[in-house]
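Asks: Read in order, the letters of the sequence shown are residues 113 to 244 in this note's numbering.
The structure under discussion is supplied below as structure tokens; questions concerning it will follow.
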Amino acid sequence: MQAHGHFNMYREGRLLICQPMGAFNLSGAMAYEQQFKEVVAPLLGAPWGIVELTEEFEAAGPDVIERFNRQFHWCAANGCDFMAVVMPEQGFRRYMANQMLADVPFIECRYFDDAASAIAWLQSALSKCDAR
């Protein structure tokens, strides 16, 4: 099956910046996971966080939502304490995001209208972890 959905992903310190774009099918989600494992490997062993830039994310079926939910559970179990989701609009995309993040045990997950605010909050949250 041809992969649908594409993404940009990179680290910035202890932040993983992810930008899913388009509509994802299961093959697209699996391609995302492959790169995700490589990019996140150096962050394991200390608190880290994810910034999801979802402005260009379009849709995902139930199988993809379930798969991303499992991935976020893995993240929380492996040191990802915080998630910042940049999602300026409400509606169906917020519903999908809530399904993907359902019951994921992050210390905190917040929605933001812009990337700068999301990154600033996440950096602050991680620095407070360091102060403990």
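Heads up, the beta-carbon is just placed ideally off N, CA and C, and yes, glycines get one too.
Give the C-beta separation of Ile-177 and Asp-193 to the nearest angstrom, bearing in mind that I take them to be a contact with Cβ-Cβ under 8 Å.
Replies: The pair is not a contact, with the Cβ atoms about 22 Å apart (cut-off 8 Å).
Asks: Report the residue from Ile-231, Asp-226, Met-121 and Asp-215 whose alpha carbon sits nearest the alpha carbon of Ala-188.
Replies: Here the closest residue by C-alpha is Asp-215.
Asks: Can His-116 and Ala-135 be called in contact, C-beta distance under 8 Å?
Replies: Contact flag set, yes.
Asks: Use the C-beta contact count for Arg-179: other C-beta atoms within 10 angstroms, 16 or more gives buried, fewer gives exposed.
Replies: Classification for Arg-179: buried.
Asks: Roughly how many angstroms lie between the CA atoms of Glu-124 and Pro-200, to the nearest whole one?
Replies: Near 22 Å, if we compare the C-alpha coordinates of Pro-200 and Glu-124.
Asks: Where does the unbroken alpha helix (DSSP H) through Val-151 begin, and where does it stop?
Replies: Element bounds for Val-151: 138-152.
Asks: Once the 5 residues before and after Arg-206 are set aside, which same chain residues still bring their CB inside 7 Å of it?
Replies: Met-199.
Asks: Locate the beta strand (DSSP E) running through Asp-193, then write down its first and last residues.
Replies: Where Asp-193 is concerned, the enclosing beta strand (DSSP E) stretches over 192-198.
Asks: Residues in the same chain with beta-carbon distance under 6 Å from Ala-171, minus the five sequence neighbours each way, listed in chain order, please.
Replies: Result list for Ala-171: Ala-135, in chain order.
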